[in-house]
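First comes the structure, then the notes that go with it.
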């Protein structure tokens with residue numbers, strides 16, 4: 001009973017000492033968490049004002065948030081009474097084990113640094129990588145976020161992007177359309193070629209330099225296949241594709257040039273009756 005009474009007498013003192021420490025620790029944590037978000041926004045705004053590429057500014061802003069938040073956690077633990085120096089020593093001793101356990105995350109982090117340094121793709125580029133395709137929306141510390149053409153959000157680990165091929169459709173300002181137009185064997189080849197050239201000449205999205213190419217690419221099973229290869233601005237790729245396909249179909253119909261269906265000649269041999 002004496003021990004209980006003595007402990008009860010110490011409760012106000014314990015509450016006064018440790019309660020104040022816990023309250024201060026919570027204040028430090030929430031204030032530090034707030035300032036980590038502020039640091040992220042300020043860093044991104046500063047880099048954007050200096051016309052730094054958005055890919056770099058987003059990545060550096062995420063790094064600033066991580067640094068400030070890490071110091072906040074350390075300060076919070078120190079306020080509670082945990083020896084942060086000892087904690088850092090323990091974490092350092094366990095660094096190898098943590099590194100092995102988080103090797104996937106560390107690989108993603110390293111890949112993110114490489115993406116920012118070498119810039120095979122930037123925010124706003126349409127790319128194909130790791131088996132998916134979309135517009136790069138953000139490159140974070142561990143993953144890259146893409147938006148697909150049908151407005152789906154795809155999150156891809158950075159290591160998966162860096163360890164494979166990256167096809168960037170937006171890096172060059174000009175792209176070539178590769179169209180294959182099949183016409184009937186009965187069609188006048190010279191007339192068909194001239195007709196295709198006239199369509200390309202009249203389309204305002206087709207560039208004059210580099211020059212387009214029109215030629216017979218193959219003699220197919222049921223059609224003569226023309227290769228129609230105009231150059232367009234990258235932003236006009238799909239609009240030009242749709243326009244040209246429609247114009248070519250209408251022009252071939254108006255000039256009586258047929259586009260044959262796949263066909264096969266079947267020869268039936270009659271056997272004499274027994």
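Numbering (the UniProt record's numbering), first residue to last: 1 to 274. C-beta atoms are modelled at their ideal positions from N, C-alpha and C, and glycine is treated no differently.
Subject >> chain D within 8 angstroms of residue 199, Cβ atoms only >> reply: Annotation note: the requested chain D is absent from the structure, which comprises a single protein chain.
**OP:** Taking only the alpha-carbon atoms, compute the straight-line gap between residue 59 and residue 205 and give it to the nearest angstrom.
**Re:** 36 angstroms
Original post:
Applying the criterion that 16 or more other CB atoms from any shown protein chain within 10 Å of the CB defines a buried residue, is residue 68 buried or exposed?
Top reply: buried
Subject >> Cβ-heavy atom distance, residue 25 to the ligand ZN, below 7 angstroms >> reply: Judged by which ligands are present, the structure shown has none, so any question about the ligand ZN falls away.
**OP:** May I ask you to verify whether the segment 149-169 touches the segment 214-228, counting CB pairs closer than 8 angstroms and requiring at least 3?
**Re:** no
Subject >> Selection from 118, 184, 55 that minimises the alpha carbon distance to residue 135 >> reply: 55
**OP:** Note the first and the last residue of the continuous alpha helix (DSSP H) segment covering residue 25.
**Re:** 20-49
**OP:** Would you tell me roughly how many angstroms separate the C-alpha atoms of residue 257 and residue 247, rounded to the nearest one?
**Re:** 13 angstroms
Original post:
At what residue ranges does the UniProt domain "Mechanosensitive ion channel MscS" (105-170) contain a whole run of the beta strand (DSSP E), taking only runs of 3 or more?
Top reply: 126-129, 132-139, 143-147, 153-157, 166-168
Subject >> Closest residue to residue 79 among 23, 225, 125, 62 (Cα-Cα distance) >> reply: 23
Subject >> Three-pair Cβ contact test at 8 angstroms for the segment 61-77 versus the segment 121-130 >> reply: no
Original post:
Hey, how far is the Cα of residue 36 from the Cα of residue 45?
Top reply: 14 angstroms
Original post:
For residue 255, does the three-state DSSP call read helix, strand or coil?
Top reply: coil
**OP:** Label residue 285 either buried or exposed according to how many other C-beta atoms from any shown protein chain fall within 10 Å of its C-beta, with 16 as the threshold for buried.
**Re:** This structure cannot settle anything about residue 285, because the visible part of the chain is limited to 1 through 274.
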